[in-house]
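In the numbering used here, the protein residues as written are 360 to 740. In this text, a Cβ means the ideal position worked out from N, Cα and C, and glycines have one as well. Here's the structure we're looking at; comments come further down.
Next up, the structure:
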């Protein structure tokens, strides 16, 4: 068993890290204040091959593995978890299209998604269906002209900002078998957006409701088969959970790195605070916890890459463990900074605010426990 990254994987991490430090980190606080990410950032990311990380090379993607993707999102989150996570959502959508869409849909959408000329968002959650995603009510009535959509999606990253939306809709019976997936392009008549949400973290990501009022979508914009949308959405979430975990890991690692520097500079009682054994113990615990989280995350990614039968269970376990661990480490880093950790200038409070939502998104950590327990009970049989 080899735990070392290959030379190529190390190069992928270094490339993403370098880009993040040069093109994202210096501006992250300004983008928070503006409440948006400049659109001209995305083509730069696309030029690195990060707009279609696991899209096949045939359609302009990089054809990388899920493990490779975790390296990208960990590295980018060390600059800003909010920006890295928005890119993760775009890649989740592109990956769904590459895996499940018809050849015609792939040819139309994937080249511009991979270059990031088109930025795309994921629309599953509704005001009345969060964890119970299969209860969604956004309706897609099939007509001669296409699908007529009516309903509302909630908490959508990129709502009113993105160029297109992958939308899970009810095209048939109640329950998961009545759900299909369609692509809705910005500017489509009947598509509108709520006011931007005021949030605790991820402030640079515009978040809003996405609303459909007799919104007509061509039949050709459906991804895959009718009635298979819930399956596609859940398959996309396995990878999304790994990416959101990698983003939490990167943010926590940045907080720990900053804390190590601060502790060598900050003096109390005549010496730097890194010389106090009690604080050294806390450093050791944080390092151990992050290394354990990183190993677990990469094991889950390996299982997903290799289509292991327990991959979904491991993705859920990793998401729960990594995001809980990362938030705790970031919060402990804030405590180690004392009052300075509460100030924006030191950057730690932003990481804490950003990482809190990683315990909620892509399935709450309570749902991750439910997935894990159900898998255990099924394996017992």
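Which value, in whole angstroms, describes the spacing of the CA atoms of residue 613 and residue 369?
-> 18 Å
Run the CB neighbour count on residue 741, radius 10 Å, all protein chains shown included, and call it buried at 16 or more, exposed below.
-> Any answer about residue 741 is impossible in this case: the structure gives the chain only from 360 up to 740.
Counting only the same chain and skipping the five closest in sequence on each side, list residues whose C-beta sits under 8 Å from that of residue 730.
-> 671, 672, 675, 722
Closer than 8 Å by C-beta to residue 422: which residues in its own chain qualify, once you throw out the five before and the five after it? Chain order, please.
-> 413, 414, 415, 416
Beta-bridge pairing of residue 706 - partner residues as DSSP gives them = BP columns for residue 706 are empty, so no partner.
Member of 588, 695, 469, 560 whose CA lies at the smallest distance from the CA of residue 627 | 695
Is it true that the CB of residue 508 sits closer than 7 Å to the CB of residue 494?
-> no
At 3 residues or longer, and completely inside the stretch 516–564: list those beta strand (DSSP E) runs for me, N to C.
-> 523–529, 538–544, 550–552
Length of the line joining the Cα atoms of residue 539 and residue 596 | 16 Å
Return the chain-ordered list of same chain residues with a C-beta closer than 6 Å to the C-beta of residue 453, the five sequence neighbours on each side being excluded.
-> 411, 414, 472
Tell me whether residue 684 is buried or exposed, calling it buried when 16 or more other Cβ atoms sit within 10 Å of its Cβ.
-> buried
Three-way DSSP call (helix, strand, coil) for residue 580 in this model | helix
Assign residue 620 to one of three DSSP states: helix, strand, or coil.
-> helix
Quick one: give me the first and last residue of the beta strand (DSSP E) that residue 498 is part of.
-> 498–502
Starting from residue 569, follow its DSSP beta bridges and name the residues at the other end.
-> 512, 552
Are at least three pairs of beta-carbons, each pair with one atom in the stretch 628–645 and one in the stretch 654–661, less than 8 Å apart?
-> no
Report the option in 571, 409, 457, 713 whose CA atom is closest to the CA atom of residue 429.
-> 409
Alpha-carbon to alpha-carbon, residue 650 and residue 476 | 36 Å
Which listed residue (513, 710, 589) has its alpha carbon closest to that of residue 554 = 513
Does the separation of the CB atoms of residue 569 and residue 482 fall below 7 Å?
-> yes
Residue 463: which of 580, 624, 719 sits nearest, CA to CA?
-> 580
Taking 7 Å as the CB-CB limit, is residue 495 close to chain B?
-> The question asks about chain B, but that chain is absent: this structure has only one protein chain.
Can you tell me the Cα-Cα spacing of residue 584 and residue 591, whole angstroms?
-> 10 Å
Cα-Cα, which of 688, 617, 563, 629 is closest to residue 645?
-> 688
Straight-line gap, residue 720 to residue 444 (C-alpha atoms, nearest Å) | 10 Å
To which residues of the same chain is residue 418 closer than 6 Å at the C-beta, ignoring the five residues directly before and after it?
-> 465, 469
If you compare alpha carbons, which of 485, 456, 461 is closest to residue 479?
-> 456
Could you tell me the distance, in whole angstroms, from the CA atom of residue 389 to the CA atom of residue 606?
-> 20 Å
What residue does the alpha helix (DSSP H) around residue 692 start on, and which one ends it?
-> 670–695
Considering only residues of the same chain and omitting the five flanking positions on each side of residue 559, which have a CB-CB separation below 8 Å?
-> 712, 715, 716
Could you tell me which of 365, 392, 378 sits nearest to residue 564, measuring between CA atoms?
-> 392
Go through its chain and collect everything with a Cβ distance to residue 680's Cβ below 7 Å, but skip five positions before and after it.
-> 652, 655
Of the residues 556, 562, 573, 449, the one placed nearest residue 505, counting alpha carbons only = 573
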